[in-house]
Amino acid sequence: MTFNGIIFYLFSAILLFAGLRVITARNPVHAALFLVLAFFTSAAIWMQLQAEFLAIVLVLVYVGAVMVLFLFVVMMLDINLARLRENFWSYLPVGAFVAIVLVAEMVLVLAGKYGGFAGVPAPPPLPPGYSNTKELGRLVYTEYVYAFEIAAVILLVAIVAAIAITLRRRKETKYQDPARQVSVRREDRMRLVKMRPEKKEQR
Amino acid sequence: MNTLVQPLMNFGNWLWGLLAAVVVWIFGQELAPSVMHAIKILLLIVCIVAPLMGAVAYLTLWERKLIGWMQIRIGPNRVTFFGLRWLGGLAQPVADGLKLMVKEVVIPAGANKTLFVLAPVMAIMPALAAWAVIPFSPSLVLADIDAGLLYVMAITSVGVYGIIIAGWASNSKYAFLGAMRSAAQMVSYELAMGFALVCVLMAAQSLNLGEIVRMQQGNWGFLNWFWIPLFPMFLVYLIAGVAETNRAPFDVAEGESEIVAGFHVEYSGMAFAVFFLAEYANMILVSTLCSVMFLGGWLSPIPLAIASAIGLPWLAADSFGWLLVKLFVVVSSFLWFRATFPRYRYDQIMRLGWKVFLPLTIFWIVLLGAWMQTPLWVWWQ
Chain A
1012 MTFNGIIFYL
1022 FSAILLFAGL
1032 RVITARNPVH
1042 AALFLVLAFF
1052 TSAAIWMQLQ
1062 AEFLAIVLVL
1072 VYVGAVMVLF
1082 LFVVMMLDIN
1092 LARLRENFWS
1102 YLPVGAFVAI
1112 VLVAEMVLVL
1122 AGKYGGFAGV
1132 PAPPPLPPGY
1142 SNTKELGRLV
1152 YTEYVYAFEI
1162 AAVILLVAIV
1172 AAIAITLRRR
1182 KETKYQDPAR
1192 QVSVRREDRM
1202 RLVKMRPEKK
1212 EQR
Chain B
1153 MNTLVQPLMN
1163 FGNWLWGLLA
1173 AVVVWIFGQE
1183 LAPSVMHAIK
1193 ILLLIVCIVA
1203 PLMGAVAYLT
1213 LWERKLIGWM
1223 QIRIGPNRVT
1233 FFGLRWLGGL
1243 AQPVADGLKL
1253 MVKEVVIPAG
1263 ANKTLFVLAP
1273 VMAIMPALAA
1283 WAVIPFSPSL
1293 VLADIDAGLL
1303 YVMAITSVGV
1313 YGIIIAGWAS
1323 NSKYAFLGAM
1333 RSAAQMVSYE
1343 LAMGFALVCV
1353 LMAAQSLNLG
1363 EIVRMQQGNW
1373 GFLNWFWIPL
1383 FPMFLVYLIA
1393 GVAETNRAPF
1403 DVAEGESEIV
1413 AGFHVEYSGM
1423 AFAVFFLAEY
1433 ANMILVSTLC
1443 SVMFLGGWLS
1453 PIPLAIASAI
1463 GLPWLAADSF
1473 GWLLVKLFVV
1483 VSSFLWFRAT
1493 FPRYRYDQIM
1503 RLGWKVFLPL
1513 TIFWIVLLGA
1523 WMQTPLWVWW
1533 Q
């Protein structure tokens, strides 16, 4: 076995273990962290396929941004396992169907000559001056520019929609307006009342 | 000199040969070159991390000394080596480290033990891993990868996990509040930081950090560096760097006046020390990146013409020393901020990040793109 092979099997084993733990871990925070580990390891495997740019972007986007927010939500949740288990049997048919489709697709791709992926060779070693990033940029901005732009616009619409959802006006929120706070004068807050001094009562 | 170095080098070569023989004996002829390569990289990593840890230790002393002088105090001046009075204070980091090492690490009863121990590790990992792509001098860099800037952004964005997990695993309200604050703050400022870096890569036409430094080379010394055309981005990066490392005046994550000590309130002993080390290692990292991207890295600030005119041509030579000088100035400015500014209010921090920095950086990207198309762009042709 070559050194690359050893590294590949090491990372694959970690990836499989992490993937398994994502669905078997009881604690949702543990599951989210195993998902982070799975992303990280798959980035390492992509790097072995000489897709450095994609590997780094996977870490940057999924590990650095998406999973942080995910972890946020999961930590805030108060998950009741007993109540989740109640609906197990009603969800089983849908889940089983999705699982069967996934397995069938993987078998089609991986199972030898029928999928056509049997003899895919390892990528040839690239020359030292080859820039993965530059090559990807060239393709994305020339050949696939329309698809890329459409994806960008869809993402923008999603961002605008997500922000618009948070923009509902809530009457009960209390907030401070610093401009009003600093421009306040004594007359706005305090009223001097003239009063006759009270006399002590005689017993 | 040569008579002293030669035997040492011979001994080193002999040692390396011995190691190679042992590796061949264990792993076989086929795997040996790869294993030797891995060992070499590991040794180089030690060569970077060990001085870094020393620098972190002495940065804590420098912080206490500098802030002491700024507040007309003396700072630590008692602990010395071998009882020498004139070394007063220099052994303080050693004493602090020793104290933290022998203290007990208390794990709270309701804490999630695994994650509680894992959190400091996850906090310090990115602070060390990012050093792999930093170019120290024209030829000295551990991994000269093409997407270096992207790698730095990806690795530093992982740092937030240590803090979130620490806050959650402690099972304490204060720790959790601190973690929430800090995570929201780091995610917000990462955006502004990322956009500032986009400006740098536009100006440098490359993601490789060594290439970014080389693009700042020129006949005008410090006028060739990117801090002039990208001046607003330089400031944004510096301020976002302070916010990213949770340093004063953006240290609401610790906020000892409101939430005792924030995310690391339950940590003690060495577990706390690792968070402390991570914060300072991050400070040094941000300062180094700032020096590399905006202040010309290893380049000399003095143009060759002036250096030779005053008869000191070595001043114009590019070396690791210049990077150290720049790094030292930027790190000291971090300490200066801490001594100068009161803590920001939380909503003000968020306002600064989202409503000031983000529009400014996006505007500057557009402006820079237009500027680079005109003849007014004089930083390189």
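First to last, the sequence lines map onto chains A and B.
If you count by this note's numbering, then the first sequence holds residues 1012 to 1214, one letter each, in order.
If you count by this note's numbering, then the second sequence holds residues 1153 to 1533, one letter each, in order.
Glycine included, every Cβ here is placed at the ideal spot set by N, Cα and C.
Can you name, in chain order, every residue of its own chain whose Cβ lies under 6 Å from the Cβ of residue i, other than the five neighbours on each side?
| i | result |
| --- | --- |
| residue 1463 (chain B) | none |
| residue 1404 (chain B) | 1333 and 1498 |
| residue 1311 (chain B) | 1278 |
| residue 1448 (chain B) | 1368 and 1377 |
| residue 1056 (chain A) | 1022 |
At a Cβ threshold of 8 Å, is residue i touching chain B?
| i | result |
| --- | --- |
| residue 1049 (chain A) | no |
| residue 1086 (chain A) | yes |
| residue 1063 (chain A) | yes |
| residue 1026 (chain A) | no |
| residue 1067 (chain A) | yes |
| residue 1053 (chain A) | no |
| residue 1151 (chain A) | no |
| residue 1195 (chain A) | no |
| residue 1076 (chain A) | yes |
| residue 1035 (chain A) | no |
| residue 1142 (chain A) | yes |
| residue 1046 (chain A) | no |
| residue 1060 (chain A) | no |
| residue 1166 (chain A) | no |
| residue 1031 (chain A) | no |
| residue 1082 (chain A) | yes |
| residue 1014 (chain A) | yes |
| residue 1178 (chain A) | no |
With 8 Å set as the bound, which would you pick, yes or no: does the beta-carbon of residue i sit closer than that to a beta-carbon of chain A?
| i | result |
| --- | --- |
| residue 1283 (chain B) | no |
| residue 1488 (chain B) | no |
| residue 1298 (chain B) | yes |
| residue 1302 (chain B) | yes |
| residue 1176 (chain B) | no |
| residue 1364 (chain B) | no |
| residue 1517 (chain B) | no |
| residue 1183 (chain B) | yes |
| residue 1320 (chain B) | yes |
| residue 1305 (chain B) | yes |
| residue 1335 (chain B) | yes |
| residue 1193 (chain B) | no |
| residue 1197 (chain B) | no |
Rounded to the nearest angstrom, how far is the Cβ of residue i from that of residue j, given a contact under 8 Å?
| i | j | result |
| --- | --- | --- |
| residue 1318 (chain B) | residue 1331 (chain B) | 6 Å |
| residue 1296 (chain B) | residue 1362 (chain B) | 6 Å |
| residue 1384 (chain B) | residue 1294 (chain B) | Actually they are not in contact, since the Cβ atoms of residue 1384 (chain B) and residue 1294 (chain B) sit about 32 Å apart, beyond 8 Å. |
| residue 1276 (chain B) | residue 1433 (chain B) | 7 Å |
| residue 1314 (chain B) | residue 1271 (chain B) | 5 Å |
| residue 1471 (chain B) | residue 1373 (chain B) | About 14 Å separates the two Cβ atoms, so there is no contact after all. |
| residue 1260 (chain B) | residue 1410 (chain B) | Contact flag wrong, Cβ pair sits at about 21 Å. |
| residue 1436 (chain B) | residue 1211 (chain B) | 7 Å |
| residue 1348 (chain B) | residue 1392 (chain B) | 7 Å |
| residue 1071 (chain A) | residue 1302 (chain B) | 7 Å |
| residue 1400 (chain B) | residue 1223 (chain B) | Incorrect: roughly 14 Å between the Cβ atoms, too far for contact. |
| residue 1509 (chain B) | residue 1388 (chain B) | 5 Å |
| residue 1263 (chain B) | residue 1321 (chain B) | 6 Å |
Which same chain residues, not among the five before or five after residue i, have their C-beta less than 8 Å away from its C-beta?
| i | result |
| --- | --- |
| residue 1249 (chain B) | 1209 and 1425 |
| residue 1175 (chain B) | 1184, 1187, 1188 and 1191 |
| residue 1450 (chain B) | 1287, 1288, 1289, 1290, 1365, 1470, 1471, 1472, 1474 and 1475 |
| residue 1520 (chain B) | 1351, 1354, 1355, 1381 and 1382 |
Looking only at its own chain, which residues have a Cβ that is under 7 Å from the Cβ of residue i, when we skip the five neighbours before and after it?
| i | result |
| --- | --- |
| residue 1030 (chain A) | 1049 |
| residue 1086 (chain A) | 1040 |
| residue 1242 (chain B) | 1232 and 1233 |
| residue 1421 (chain B) | 1252, 1255, 1256 and 1257 |
Inter-stretch contact (C-beta, 8 Å, three-pair minimum) for the segment 1040 to 1048 of chain A and the segment 1280 to 1299 of chain B: No: the two stretches stay apart, fewer than three of their Cβ pairs being nearer than 8 Å.
Contact the segment 1192 to 1212 of chain B vs the segment 1414 to 1433 of chain B: 3+ CB pairs below 8 Å: Touching, per the Cβ criterion.
Length-filtered (4 minimum) alpha helix (DSSP H) runs lying within the segment 1197 to 1232 of chain B: Runs found: none.
Runs of alpha helix (DSSP H) lying entirely within the segment 1339 to 1408 of chain B, each at least 4 residues, in chain order: Listed in chain order, the complete alpha helix (DSSP H) runs (minimum 4 residues) inside the segment 1339 to 1408 of chain B are 1361 to 1366 and 1383 to 1396.
Ordered list of alpha helix (DSSP H) runs contained in the segment 1458 to 1533 of chain B, each at least 4 residues: The alpha helix (DSSP H) runs lying completely inside the segment 1458 to 1533 of chain B and spanning 4 residues or more are 1472 to 1492, 1498 to 1503 and 1510 to 1523, given in chain order.
4-residue-minimum alpha helix (DSSP H) runs that sit fully inside the segment 1049 to 1090 of chain A, ordered along the chain: Those alpha helix (DSSP H) runs which fall completely within the segment 1049 to 1090 of chain A and span 4+ residues are 1063 to 1069 and 1078 to 1087.
Stretch pair the segment 1442 to 1450 of chain B + the segment 1473 to 1490 of chain B: three plus CB contacts closer than 8 Å: Output reads yes: the segment 1473 to 1490 of chain B touches the segment 1442 to 1450 of chain B.
4-residue-minimum alpha helix (DSSP H) runs that sit fully inside the segment 1143 to 1168 of chain A, ordered along the chain: 1143 to 1152, all fully within the segment 1143 to 1168 of chain A.
Alpha helix (DSSP H) segments (min. 4 residues) lying fully within the segment 1402 to 1458 of chain B: Entirely contained in the segment 1402 to 1458 of chain B, the alpha helix (DSSP H) runs reaching 4 residues are, in chain order, 1421 to 1446.
Continuous beta strand (DSSP E) assignments of at least 3 residues falling wholly in the segment 1234 to 1321 of chain B: At a cut-off of 3 residues, not a single continuous stretch assigned as beta strand (DSSP E) sits fully inside the segment 1234 to 1321 of chain B.
Runs of alpha helix (DSSP H) wholly within the segment 1165 to 1199 of chain A (minimum 4 residues, chain order): Listed in chain order, the complete alpha helix (DSSP H) runs (minimum 4 residues) inside the segment 1165 to 1199 of chain A are 1189 to 1193.
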